[in-house]
């Protein structure tokens with residue numbers, strides 16, 4: 545939840561609060577059946593000063609009212625409190641992590657319909673963590689970079705009604721389109737800190753089947769990352785993990801409301817709207833994990849290579865729209881049934897274990913946003 549208030553036509557203050565719950569894992573459960581999954585409860589407080597640098601000129605030219613729709617540069621300060629409850633192979637204490645971040649952001653915010661908004665931005669900044677299990681002086685300021693997307697309800701409606709043409713300036717509702725190349729920028733770079741970062745590239749091509757509401761999408765993706773994880777509890781560990789993954793997918797899509805929307809004059813014959821689909825995917829992931837693990841029997845070093853290959857298929861639901869002239873946003877959710885082959889090679893013991901697992905369901909929640917051509 546957030547609130548934004550204009551101070552002058554070009555400057556506003558944006559305050560926010562968020563609460564969340566999630567599960568996280570560092571992917572080491574393959575080693576001796578050690579479970580490194582943790583539950584996380586978070587509270588996030590943020591304040592941002594935004595400069596809508598083109599707003600005064602647009603107002604003078606009669607292209608915009610004095611509102612909060614436009615491109616902006618922001619200075620953001622955020623305080624986050626995380627309560628982390630690890631679940632290892634025996635009990636571990638809860639960890640409190642206080643995080644402070646300061647970032648410079650560039651973003652684009654627009655109204656959607658009368659009660660909606662879209663806010664997309666990328667930020668680069670510094671952060672500091674203070675964990676209850678690590679002395680404060682061992683956690684200096686670090687660097688991070690991330691992208692953010694806000695899409696939801698704007699409770700304060702505009703003074704004038706927002707017409708269909710208004711939001712179609714953003715979503716390009718009436719664009720006629722039979723094919724589209726898509727490059728995902730939302731997941732391109734994620735730097736949690738200088739010891740935890742990931743880069744990912746996804747390129748997709750979607751094409752309509754004739755003039756029907758059906759289409760085919762082919763996507764190729766690859767990523768590489770590094771993770772340094774430390775825990776100083778009784779069951780301590782330190783792990784340096786390098787990983788890379790690459791894969792491809794084929795999705796059939798049916799934009800089931802498109803014919804009705806075209807008949808009502810609300811949409812062109814394009815690749816936008818809500819859809820059902822069938823997804824086929826292939827993925828390979830390779831990782832190298834080095835460090836040590838401690839337990840009741842003491843501490844021992846680890847050095848392993850883990851390879852996973854998976855093939856799966858399933859059903860998905862999603863929504864896709866064009867953004868402006870050369871942008872897109874696509875959210876997909878669903879599940880696949882995957883056949884997974886895992887090869888674990890212990891480089892210290894010089895042993896190899898290979899297993900085949902058939903998983904019933906693999907949940908999909910995938911958000912992509914970026915360039916479209």
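Numbering (our numbering), first residue to last: 545 to 917.
Even glycine gets a Cβ: it sits at the ideal position worked out from N, Cα and C.
Since we're looking at a predicted model, the values are computed, not measured.
| field | Residue from 858, 857, 914, 646 whose Cα sits closest to the Cα of residue 871 | value | 914
| query | Are residue 846 and residue 830 close, meaning C-beta to C-beta below 8 Å? | reply | no
| field | Residues that residue 826 bridges to, as DSSP identifies them | value | 792, 855
| Which stretch, first to last residue, makes up the beta strand (DSSP E) that contains residue 496? | Here the chain has residues from 545 to 917 only, and residue 496 is not among them.
| field | Residue from 789, 549, 728, 875 whose Cα sits closest to the Cα of residue 916 | value | 728
| Bridge partners - residue 645, DSSP secondary structure assignment | 622, 671
| field | Local conformation of residue 912 per DSSP, three classes | value | strand
| request: Indicate whether residue 616 and residue 653 have their beta-carbon atoms separated by less than 8 Å. | output: yes
| If you draw a straight line from the alpha carbon of residue 607 to that of residue 664, how long is it in whole angstroms? | 21 Å
| query | Quick one: Cα of residue 690 to Cα of residue 567, how far? | reply | 20 Å
| Classification of residue 864 by the beta-carbon crowding that lies within 10 angstroms, buried from 16 upward | buried
| Which residues bound the beta strand (DSSP E) around residue 724? | 723 to 728
| message | Nearest by alpha-carbon distance to residue 835: which of 892, 791, 822, 798 is it? | response | 892
| query | Shortest alpha-carbon distance to residue 667 belongs to which of 692, 661, 772? | reply | 692
| request: Kindly list the residues whose CB is nearer than 6 Å to the CB of residue 634, restricted to its own chain and excluding five residues on each side of it in sequence; keep chain order. | output: Because the pLDDT of residue 634 is 46, which lies under 50, any placement of that residue in the model is unreliable, and the number read from its coordinates should be weighed accordingly. Nothing listed; no residue qualifies.
| Strand pairing of residue 782, partner residues [DSSP] | 774, 836
| task | May I ask you to list the residues that DSSP assigns as paired with residue 595? | result | 555, 617
| said: Less than 8 Å between C-beta atoms, sequence neighbours within five positions excluded: which residues of the same chain meet that for residue 685? | reply: 670, 671, 672
| query | beta strand (DSSP E) containing residue 734: first to last residue? | reply | 733 to 737
| said: Checking the sheet assignment: what are the DSSP bridge partners for residue 845? | reply: 836
| query | Do the CB positions of residue 661 and residue 622 come within less than 8 Å of each other? | reply | no
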